[in-house]
Every structure is written in structure tokens, then in C-alpha cells.
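Take a look at the structure below.
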Amino acid sequence: MSGFAGVLGGPDPAAALRRLGAEPAWSGGEAAFAGAIERAADGGWIACGDVVVDNAAELRRALDLPGASPLALLAALVRAHGADAGRHALGMYAAAVWIPAERRLWLLRDGAGARTLYWTGDASRGWSFASSPRALRRAAGVSGDLDLVALRDYLTCAFVPGERTMWRGVAELRPGTAMSLPDGGAHVFWEPVERIEDADAPLEVHAARLRELIDDAVRVRLPASGPVGVYLSGGVDSSLVTALAARMAPGPVHTFSLHFGGGYANELEWSSLVARHCGTRHHVLEFPASIIQKHLPESLAALDDPIGDPLTTPNLLIGRAAAAVTGTILNGEGGDPSFGGPKNTPMLLHALYGGADDLTTAYLRSFGKCWDDLPSLLTGDVRAALHDGPPAGWWFAPRLVDGGMRHFLNRLLDVNVRFKGADHILTKVANLTSASGLAGRSPLADRRVIDASFATPPEHKLAGTVEKAVLKAAVSDLLPAEVVHRPKSGMLVPVQAWFQGEMRPYARAMLLDRNARTRPYFDQRTVKEWLDTPKVPKRGVKLWLLLTMEVWLRANE
Numbered sequence: 363m364s365g366f367a368g369v370l371g372g373p374d375p376a377a378a379l380r381r382l383g384a385e386p387a388w389s390g391g392e393a394a395f396a397g398a399i400e401r402a403a404d405g406g407w408i409a410c411g412d413v414v415v416d417n418a419a420e421l422r423r424a425l426d427l428p429g430a431s432p433l434a435l436l437a438a439l440v441r442a443h444g445a446d447a448g449r450h451a452l453g454m455y456a457a458a459v460w461i462p463a464e465r466r467l468w469l470l471r472d473g474a475g476a477r478t479l480y481w482t483g484d485a486s487r488g489w490s491f492a493s494s495p496r497a498l499r500r501a502a503g504v505s506g507d508l509d510l511v512a513l514r515d516y517l518t519c520a521f522v523p524g525e526r527t528m529w530r531g532v533a534e535l536r537p538g539t540a541m542s543l544p545d546g547g548a549h550v551f552w553e554p555v556e557r558i559e560d561a562d563a564p565l566e567v568h569a570a571r572l573r574e575l576i577d578d579a580v581r582v583r584l585p586a587s588g589p590v591g592v593y594l595s596g597g598v599d600s601s602l603v604t605a606l607a608a609r610m611a612p613g614p615v616h617t618f619s620l621h622f623g624g625g626y627a628n629e630l631e632w633s634s635l636v637a638r639h640c641g642t643r644h645h646v647l648e649f650p651a652s653i654i655q656k657h658l659p660e661s662l663a664a665l666d667d668p669i670g671d672p673l674t675t676p677n678l679l680i681g682r683a684a685a686a687v688t689g690t691i692l693n694g695e696g697g698d699p700s701f702g703g704p705k706n707t708p709m710l711l712h713a714l715y716g717g718a719d720d721l722t723t724a725y726l727r728s729f730g731k732c733w734d735d736l737p738s739l740l741t742g743d744v745r746a747a748l749h750d751g752p753p754a755g756w757w758f759a760p761r762l763v764d765g766g767m768r769h770f771l772n773r774l775l776d777v778n779v780r781f782k783g784a785d786h787i788l789t790k791v792a793n794l795t796s797a798s799g800l801a802g803r804s805p806l807a808d809r810r811v812i813d814a815s816f817a818t819p820p821e822h823k824l825a826g827t828v829e830k831a832v833l834k835a836a837v838s839d840l841l842p843a844e845v846v847h848r849p850k851s852g853m854l855v856p857v858q859a860w861f862q863g864e865m866r867p868y869a870r871a872m873l874l875d876r877n878a879r880t881r882p883y884f885d886q887r888t889v890k891e892w893l894d895t896p897k898v899p900k901r902g903v904k905l906w907l908l909l910t911m912e913v914w915l916r917a918n919e
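Take any residue in the sequence shown, count from 1 to its spot, add 362: that is its number in this note's numbering.
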């Protein structure tokens, strides 16, 4: 992932860009860009960004631009189609395109959110943008203070959802959006839409269509030569990507699995079975608590916003191991958000049987994080500041409660794709593979695969008690039946045990420090109580959120 930044407007855009800590690679009076840039031969556009276009060959023919780079193709699409340029480009991208004749800057982000783009500003002080929010803390008008709404939402779901970021005044460009500056207009060029096709067709028809799309999604993400890696958990999603890579890759396929040492549950039996079945070169890595603790600061420093997923540090470390043998790593991320996994069960039961909670509260509780603890966890000053802010659930309620999709399962999956997928899963993949020196690829987050999910009748995604039924049917010939049909258990990180043992002194020293960065936000009595009673169920997951926030803040000083 390539870093880039830019400034539009203000008295001296180049000087403003330097204040962000970036040296201009191009300055045109009204705008300045940092990072790798490209220009049209006729001067019609100047662009910078991080762009991978999966349908590049098709676009080169359509635009009559033989040999054009992915960034040049995207810029040419912007010049031709403006706000709808992203409809024509499949892939992963975040980019800025300046059209001098129109005095207009376009910011674009791919539909699934595989790349990130952040911005701040207004007409009076100018606009700044960057692929990471860290530099924008230095932009004019940005205080560097925490966004307390983002903090509350992070504690609720373990990531920062929606357009807010952890830094007040710095916004995220949402996936599938083109933003025009200086007018500030945002246009959504792609999002999941419920368009059920062939509602009466049997499961096998939908599975066959999906299989063609998945085959191509894997194919276009493979390197042209040399070895490729796959993160292999042993679940159906990573296993199907492994099986297809083993069939299609031009070079050897390396698979990587992890565990946390003896005595802790793992899925090595399943990942080893898949590796043998597919004939990969399999690598198994062990990450005990001491290793996780040692590398926690550097893994969190690589993230745009904090992500309270205990797999974050293992993801960085396994990426470094993969980088020793390949430059490209594939994964199975995207299967659950698009097709439904076991974490949807609480919401589906709520939809069927109801409950004491309204739909919004039920969804917030379904994360199993700190929603119910906020009154005692947040300090009185933070709670008071939040009183007049947007209500909890502001980011998903319009789509889940009042969304335009008729089927509840599809509304739930839509929220998962737009937030869990973009703000947690794909952002984490992008940040950590880049930090490992890898090109990370997520075939199941392909826009066409997501579209196929929302064209499939819901009863073929959740068939009785069978989750992701159409996906499993699509790949049943690739894998042993016991892998396809086994219940999903997920990668269980033993944080509950760690906070009762090896990691407890570290957590106490960080969170109860007189100079703890989270002290203004977290009530120290609650923090101490949690640290003193680590055996309480779910206590480990909650402590991990607090520790992650503390370490992330220190890493971002």
C-alpha cells in the first residue's frame, strides 16, 4: 500500500503539505500532491494514489490507452465520467485526481473499502487529504483531540465505524464514494443493492454463478509469476481460496497458520488437512503471550484507527513470515460479511423472536464488547460531552432498521459489508500487509462477489441452519466434505487466560499508570476492578479493548 497526501486551496498548498510532514512531488498553484504521481500527456489531469485495477486490460481497450498504469486508467475514467468513474473500475483504490481545466479535485475510494482515504478542511482553510489520518492531525483547523463519539463506538464494536475517525475533525471517505472539491459534493457510485435474480431457481444454479465469479476473483489477484501465500485458518473461506490458488497459481503456494501454544484451542487439525489436500508448502507459527506483548506497540502503530481485534499482532507477525517467501498474500476475508456467519445468529434470533431490546440496541449488544459497561467505564466528563452528540447506532441504524432492502438478512449483511468489512476487516488487512511488505489480496471482498450475494435469495445463504449455504455449495468440489460442512469455530485468541497470567502485569502497568493516555477517558475505578477480577466471563475481551486503546494512543504520540 503506497502512502500519499495532498492539499487543495489556501494561500500556499505546497507549504501546507510540508506542514503535514510530506514533501510535494508536484505543486500546481492551487494544489499540491505528495507520493507517486502521474500526469496526462496532454495535461488534462494530475493524479496520485494507491490503485490496483482488476479489469485493467478491458479498460485499456475501452479507453484506447495501451500500456496505461492502473492510476492512469482511473484518472482517465474520472476525466471521462466524473463522479461515476468508480463504477467502471474493479479493484482496490484510493486516489486523488486534479482536473486543471475544471479546477476540480476528485477523491475516490473503491467500493469494498480495500484502500483508505481521509480528508479534512473547508473553503476558508483549504482541504487536506491523505491515505492515513495521522498526517492530517497537523492540518489547519484540526486540534489533535480525540473524537469522543468514535471512542464510544470503538468500545462498543472494537473498531471505529463510519466516516468518523479517532481524531476530531478528520473524516474518512466512505467506500464506493467519489468526492468533488472545492464544492464538497459526495457521490456514492457503488453500494450493495438487493436485486434478487431467479428467485425460483434451485441452490445449484446460484452456486454455479457464484463459483465463476470466485474463480475469477482469485485468478486476477494472483501474481504473474513466482510464489504466492495464503493465510489458512482451516475455515471454509480461507480453504476455498487456498484450493483455487493451488489450482491456478503460476508458482508454488505457501500457506500460513498460527496457534498460541500448548493448552489453548486451535484449528491446526483443519488447516493441516486442507494444506495436505491442496499440496501447499505449509508453515505453522506459534505466538505465545510474550511475543504478542512484545510486538503489540508496532502492530498498533501500523493501524489508522485502533482495532480491538486480538488477532492484529498475530496478523502482522504472520505477514512478516510470509514476506520471507512471497510478495503477495491472499486471505479468506469477506466471506462472513457477504454471506453470513455465526456472529449473525443473535440478530437473526432477535428478528424471529423479538426481545426486550429494540433492534438498534440488540445489534450493539451483539458485538459482546463494552456497550453495557459504558456508564461505569467512561468518565463523567466524557459521558457529559457525549450527551448532545449523535446517538449510539447512528452509523448503522438507517441501513439496518429503515434500509431499503426487503429481507432482514440482507439488511444485516449490508451493514456487515459496509462497516465490519470496510472499517475493520479490510482496513486491518491493508494496514498490516503493507507494514509487512506484502501485497494483501481479499478475493471474497471482490465487488462482483458481493453483488452476487445480494442477488441470491436469502434462503440460499441461510438454508435452515446451514450458514453460507450457496458459498459452500459453490466450492464443495474443491475441499474435503468435513471441511466444507464443519461448524465454524473461529480463531480463538486466549486473551481471558493471558490477563489472568502472563499479560496481567503489563496491562496493569499500562492502564493504571499515573500518565496513562486513557486516564482522561476511562474511569480508573472500573479499570482497576476489571484488572483485579480477570476471571469474570468476557473480561479478557474488554480488557483487550482498553489495552489496545492505551497502546495505540502511545504509538500515535
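Where a beta carbon is used, it is the ideal one built from N, C-alpha and C, also for glycine.
Remember, it's a predicted structure, so these values are computed and weren't measured experimentally.
What's the gap between the Cα of residue i and the Cα of residue j?
{"i": "Ala-402", "j": "Asn-417", "result": "20 Å"}
{"i": "Ala-814", "j": "Asn-693", "result": "19 Å"}
{"i": "Val-415", "j": "Glu-400", "result": "16 Å"}
{"i": "Gly-372", "j": "Gly-488", "result": "5 Å"}
{"i": "Ser-600", "j": "Arg-887", "result": "42 Å"}
{"i": "Gly-624", "j": "Leu-673", "result": "18 Å"}
{"i": "Trp-632", "j": "Pro-428", "result": "45 Å"}
{"i": "Leu-893", "j": "Ala-871", "result": "11 Å"}
{"i": "Asp-667", "j": "Leu-467", "result": "26 Å"}
{"i": "Tyr-455", "j": "Arg-477", "result": "5 Å"}
{"i": "Met-541", "j": "Tyr-480", "result": "11 Å"}
In terms of alpha-carbon separation, which member of the options lies closest to residue i?
{"i": "Arg-514", "options": "Arg-916, Glu-891, Phe-884 and Val-903", "result": "Phe-884"}
{"i": "Pro-752", "options": "Ala-430, Arg-496, Ser-494 and Arg-526", "result": "Arg-526"}
{"i": "Tyr-593", "options": "Glu-574, Arg-881, Leu-620 and Arg-876", "result": "Leu-620"}
{"i": "His-657", "options": "Ser-798, Tyr-715 and Arg-879", "result": "Ser-798"}
{"i": "Asp-509", "options": "Arg-500, Ala-533 and Ser-486", "result": "Ala-533"}
{"i": "Ala-836", "options": "Thr-827, Lys-823 and Arg-848", "result": "Lys-823"}
{"i": "Gly-783", "options": "Asp-719, Gly-703 and Trp-733", "result": "Gly-703"}
{"i": "Ala-393", "options": "Pro-537, Ala-512 and Leu-543", "result": "Leu-543"}
{"i": "Arg-638", "options": "Val-845, Trp-756, Ala-683 and Val-913", "result": "Val-845"}
{"i": "Thr-675", "options": "Asp-666, Ala-474 and Ile-654", "result": "Ile-654"}
{"i": "Leu-469", "options": "Phe-395, Gly-596, Phe-521 and Ala-501", "result": "Phe-395"}
{"i": "Leu-572", "options": "Lys-834, Leu-907 and Thr-688", "result": "Lys-834"}
{"i": "Ala-843", "options": "Gly-696, Leu-800 and Leu-635", "result": "Leu-635"}
{"i": "Ala-920", "options": "Gly-391, Trp-388, Leu-452 and Ser-389", "result": "Only positions 363 to 919 of the chain appear in the structure, and residue 920 is not among them; the question remains open."}
{"i": "Ala-563", "options": "Ser-838, Glu-821, Val-889 and Asp-875", "result": "Glu-821"}
{"i": "Ala-611", "options": "Ala-586, Phe-861 and Ala-627", "result": "Ala-586"}
{"i": "Leu-678", "options": "Val-590, Arg-581 and Leu-794", "result": "Leu-794"}
{"i": "Pro-537", "options": "Gly-397, Val-598 and Gly-448", "result": "Gly-448"}
Quick one: give me the first and last residue of the beta strand (DSSP E) that residue i is part of.
{"i": "Ala-349", "result": "In the structure displayed, the chain extends from 363 to 919; residue 349 sits before or after that span and is not available."}
{"i": "Arg-466", "result": "466-471"}
{"i": "Glu-648", "result": "643-648"}
{"i": "Ser-542", "result": "539-543"}
{"i": "Val-401", "result": "According to the sequence shown, residue 401 is Arg rather than Val. That run of the beta strand (DSSP E) goes 399-401."}
{"i": "Ala-458", "result": "453-461"}
{"i": "Gly-411", "result": "408-415"}
{"i": "His-616", "result": "615-621"}
Tell me the residue span of the alpha helix (DSSP H) that contains residue i.
{"i": "Glu-660", "result": "651-663"}
{"i": "Glu-844", "result": "843-847"}
{"i": "Phe-491", "result": "From DSSP, Phe-491 is part of no alpha helix (DSSP H) but of the beta strand (DSSP E) over 488-492."}
{"i": "Gly-902", "result": "901-917"}
{"i": "Ile-680", "result": "674-685"}
{"i": "Leu-893", "result": "886-894"}
{"i": "Tyr-868", "result": "866-873"}
{"i": "Trp-632", "result": "630-640"}
Going by beta carbon distance, what residues of the same chain come within less than 6 Å of residue i, once the five residues before and after it are set aside?
{"i": "Leu-433", "result": "Glu-400, Ala-409, Gly-411 and Val-413"}
{"i": "Ala-917", "result": "Pro-659, Leu-662 and Ala-663"}
{"i": "Phe-803", "result": "The sequence shown places Arg at residue 803, not Phe. Excluding positions up to five away in sequence, the list reads Arg-583 and Leu-692."}
{"i": "Ala-579", "result": "Pro-805, Asp-808 and Val-811"}
{"i": "Trp-529", "result": "Pro-495 and Arg-499"}
{"i": "His-769", "result": "Pro-820"}
{"i": "His-450", "result": "Leu-439"}
{"i": "Gly-524", "result": "Trp-757"}
Can you list, in chain order, the residues of its chain with a C-beta nearer than 8 Å to that of residue i? Leave out the 5 residues immediately preceding and following it.
{"i": "Arg-727", "result": "Pro-708, Asp-719, Trp-733 and Asp-734"}
{"i": "Leu-630", "result": "Gly-596, Ser-619, His-621 and Val-646"}
{"i": "Ser-505", "result": "Arg-530 and Gly-531"}
Does the beta carbon of residue i sit closer than 8 Å to a beta carbon anywhere in chain E?
{"i": "Ala-586", "result": "Of the chains in the structure shown, none is chain E; there is only one protein chain."}
* To do: Evaluate contact between the stretch 642-649 and the stretch 660-672, counting only Cβ atoms and requiring at least three cross-stretch pairs below 8 Å.
  => no
- Can you find at least 3 beta carbon pairs, one from the stretch 543-554 and one from the stretch 767-785, that sit closer than 8 Å? yes
Exercise. For the stretch 373-389 against the stretch 493-505, are there 3 or more C-beta pairs whose distance is under 8 Å?
Worked result: yes
Q.
With three or more beta-carbon pairs closer than 8 Å as the criterion, would you say the stretch 606-615 touches the stretch 854-863?
A. no
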